[in-house]
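Everything below concerns the one structure shown next.
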Amino acid sequence: MEEEYFYTLKFADLTPEHFVGEWEVAVLNRPPGAGEIGLPLVARDYFHADGSFATVTDKRQEGTWCVIRDEMLQRPYLAIDLGATPVKALITRFQQSSSATAAQLHLYLLDGTELVLDKGGPVSLSPPTSPAR
Numbered sequence: 416m417e418e419e420y421f422y423t424l425k426f427a428d429l430t431p432e433h434f435v436g437e438w439e440v441a442v443l444n445r446p447p448g449a450g451e452i453g454l455p456l457v458a459r460d461y462f463h464a465d466g467s468f469a470t471v472t473d474k475r476q477e478g479t480w481c482v483i484r485d486e487m488l489q490r491p492y493l494a495i496d497l498g499a500t501p502v503k504a505l506i507t508r509f510q511q512s513s514s515a516t517a518a519q520l521h522l523y524l525l526d527g528t529e530l531v532l533d534k535g536g537p538v539s540l541s542p543p544t545s546p547a548r
């Protein structure tokens, strides 16, 4: 089986379709004293094409999601609303496998928390290497 590699997508190329699917959430970095962010930090998240969203830990929460961009620099943000506290996270990296069957999404929240979401299996971020000569 041929090994797959992940490539970083340009922010201008990101569409809502890139986010649809099931994602595993993990915390990459959480500063001391960071407050409640309104989103479970270890969960399985489901982004649906109709803009609905569900997160599952020991209980299921439902809400909505969308990708928004700031006016000046067109930076993409992922906005998730579960009812209590809406979450707006800067998308700092989106990587997709060459077959588009797996992806990794890096998010940065206002309190300094960094999240990594994985979709479609294990992620190998090793770049392609040239064969030994």
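So the sequence shown is numbered by my numbering: it starts at 416 and just counts up by one.
Every residue, glycine too, gets a C-beta built ideally from N, C-alpha and C.
#1: Just list the beta strand (DSSP E) runs in the region 463 to 500, keeping only unbroken ones of 3 residues or longer that don't cross its boundaries, in chain order.
#2: Tell me, which residues are paired with Y422 by DSSP?
#3: Spatial neighbours of F434 within its chain, please: CB distance less than 8 Å, with the 5 preceding and 5 following residues excluded, ordered by chain position.
#4: Could you give the first and the last residue of the continuous beta strand (DSSP E) run that contains D428?
#5: Given D533, which residues of its chain have a CB within under 7 Å of its CB, disregarding the five upstream and five downstream residues?
#6: Determine the contact status of A504 and L522, defining contact as a CB-CB distance below 8 Å.
#7: Under the DSSP definition of a beta bridge, which residues are partnered with D533?
#8: Could you check whether D460 and T470 sit closer than 8 Å to each other, using their CB atoms as the reference points?
This is what the structure gives:
#1: 467 to 471, 475 to 484 and 491 to 496
#2: Q511
#3: F462, W480, V482, L493 and L520
#4: Run containing D428: none; DSSP gives neither H nor E here.
#5: W438, E439 and Q519
#6: yes
#7: E439 and Q519
#8: yes
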